[in-house]
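*Asks:* I am attaching a structure below and will ask some questions about it afterwards.
Residue numbers (our numbering): 11 to 150.
Written out as structure tokens, the structure is:
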């Protein structure tokens with residue numbers, strides 16, 4: 011998916027290939043999907059799912075200096091109106107899920123091979139750690 015904005019004033023965008031002149035009224039397209047995987051913005055592990063990047067020193071190195079590199083809900087005056095609702099609903103769902111399960115363990119051997127190709131286990135994206143089985147018990 012792409013987003014489109016129009017430039018309101020003429021400007022020059024710096025680029026390693028050379029500066030680009032952008033006249034006023036030019037349609038500028040960008041992809042949040044591609045932006046969230048750029049190694050120059052997120053570091054060498056940009057294509058890896060790693061929620062810890064928002065908790066450790068990478069937060070201060072990449073995201074804090076440029077908060078507009080993470081745009082799951084867009085930003086500025088056109089930010090998604092449902093952002094806070096989505097965050098609240100996700101928090102509520104996680105809380106209710108964790109209240110209902112007694113234990114969470116990783117079980118790589120229980121997932122059928124048809125779910126994910128065997129090559130995914132060795133890929134740099136998943137590290138082979140995507141199989142989670144929730145266990146629950148009920149006491150009366």
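Think of the CB as a built atom: it goes at the ideal place given N, C-alpha and C, for glycine as much as any other residue.
From residue 34 to residue 18, what does the alpha carbon distance come to, in whole angstroms?
*Replies:* Going by the C-alpha atoms only, they are around 5 Å apart.
*Asks:* Looking at the unbroken beta strand (DSSP E) that takes in residue 37, where does it start and where does it end?
*Replies:* Element bounds for residue 37: 37–40.
*Asks:* Once the 5 residues before and after residue 81 are set aside, which same chain residues still bring their CB inside 8 Å of it?
*Replies:* Only 42, 45, 46 meet the Cβ criterion.
*Asks:* Since residue 83 and residue 89 should fall inside the 8 Å C-beta cutoff, what is the C-beta to C-beta distance between them, to a whole number of angstroms?
*Replies:* Right, the Cβ-Cβ distance comes to about 6 Å (below 8 Å), so this counts as a contact.
*Asks:* Going by CA-CA distance only, name the one from 38, 27, 24, 31 that's closest to residue 12.
*Replies:* Among 38, 27, 24, 31, the Cα nearest to that of residue 12 is on 38.
*Asks:* Under three-state DSSP, which class holds residue 32?
*Replies:* Three-state result, residue 32: strand.
*Asks:* Quick one: residues in its chain with C-beta nearer than 6 Å to the C-beta of residue 78, no 5 flanking neighbours on either side, listed in chain order?
*Replies:* 85.
*Asks:* Let's see if you can read the secondary structure: which residues bound the alpha helix (DSSP H) around residue 74?
*Replies:* Premise fails: residue 74 is in no alpha helix (DSSP H) and is neither H nor E.
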